[in-house]
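**Q**
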Amino acid sequence: MERLETFPNPKIGRPYTITHINPEFTSMCPKTGLPDFATIEVEYIPDQLCLELKSLKYYFLEFRNKGIFYEAVTNLILDELVEACQPQQMTITAHWGARGGISSIIEAKYSKE
């Protein structure tokens with residue numbers, strides 16, 4: 005997780021929502037080797053730490069050549085981002101582009117409580 009950087013939450017004690025949207029996420033289909041395209045939404049309520057955007061961008065780029073199914077990548081992103089910043093709540097929503105006429109939306113959620 006050292007590649008994901010964080011910084012101190014500037015308003016600890018006030019619940020507020022942060023949403024980051026990456027409209028250019030790519031990974032690779034493990035069956036065909038073809039690229040998969042998605043818009044990834046990261047929505048979270050920070051606790052002590054917030055995610056730093058430049059490191060988040062480079063983190064997402066690491067998936068470009070990784071063969072991984074939609075469900076697995078969405079849950080992996082949630083697990084790794086939660087590990088990095090320990091939020092109160094986090095939701096990852098992946099809007100996958102059409103493949104064979106079918107598009108998919110995968111949503112994974114975390115709550116500290």
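For the sequence shown, this note's numbering gives the first residue as 5, with consecutive numbering after it. Think of the CB as a built atom: it goes at the ideal place given N, C-alpha and C, for glycine as much as any other residue. Keep in mind that this is a model prediction, so the values were computed, not measured.
Can you say whether Arg106 is buried or exposed, counting buried as having 16 or more other CB atoms within 10 angstroms of its CB?
**A** Position 102 of the sequence shown, counted from the first residue, corresponds to residue 106. Rather than Arg, the amino acid found at residue 106 in this sequence is Ile. Label assigned to Ile106: exposed.
**Q** Tell me, please, which residues DSSP counts as bridged to Pro50.
**A** Position 46 of the sequence shown holds residue 50. Bridge partners of Pro50: none, in fact.
**Q** Alpha carbon to alpha carbon, what distance is there between Glu66 and Gly17?
**A** For the purposes of this step, residue 17 is taken as residue 13 along the sequence shown, with counting starting at 1. For the purposes of this step, residue 66 is taken as residue 62 along the sequence shown, with counting starting at 1. Cα-Cα distance, rounded: 33 Å.
**Q** Where does Thr21 sit, in a helix, a strand or coil, going by DSSP?
**A** For the purposes of this step, residue 21 is identified with residue 17 of the sequence shown, where counting begins at 1. Coil, per DSSP.
**Q** Need the endpoints of the beta strand (DSSP E) that Glu75 sits in, please.
**A** Translated into the one-based positions of the sequence shown, residue 75 becomes position 71. Looking at the DSSP string, Glu75 is not in any beta strand (DSSP E); the run it does join, the alpha helix (DSSP H), is Tyr74 to Cys89.
**Q** Just to confirm, is the Cβ distance from Asn26 to Thr43 under 9 Å?
**A** Within the sequence shown, residue 26 is the residue found at index 22, counting from 1. Within the sequence shown, residue 43 is the residue found at index 39, counting from 1. Contact flag set, yes.
**Q** Output needed for Tyr74: all residues of its chain with C-beta closer than 8 Å, excluding positions within five of it in sequence on either side, in chain order.
**A** Translated into positions along the sequence shown, residue 74 becomes position 70. The residues are Asp40, Ala42, Ala98, Trp100, Ser108 and Ile110.
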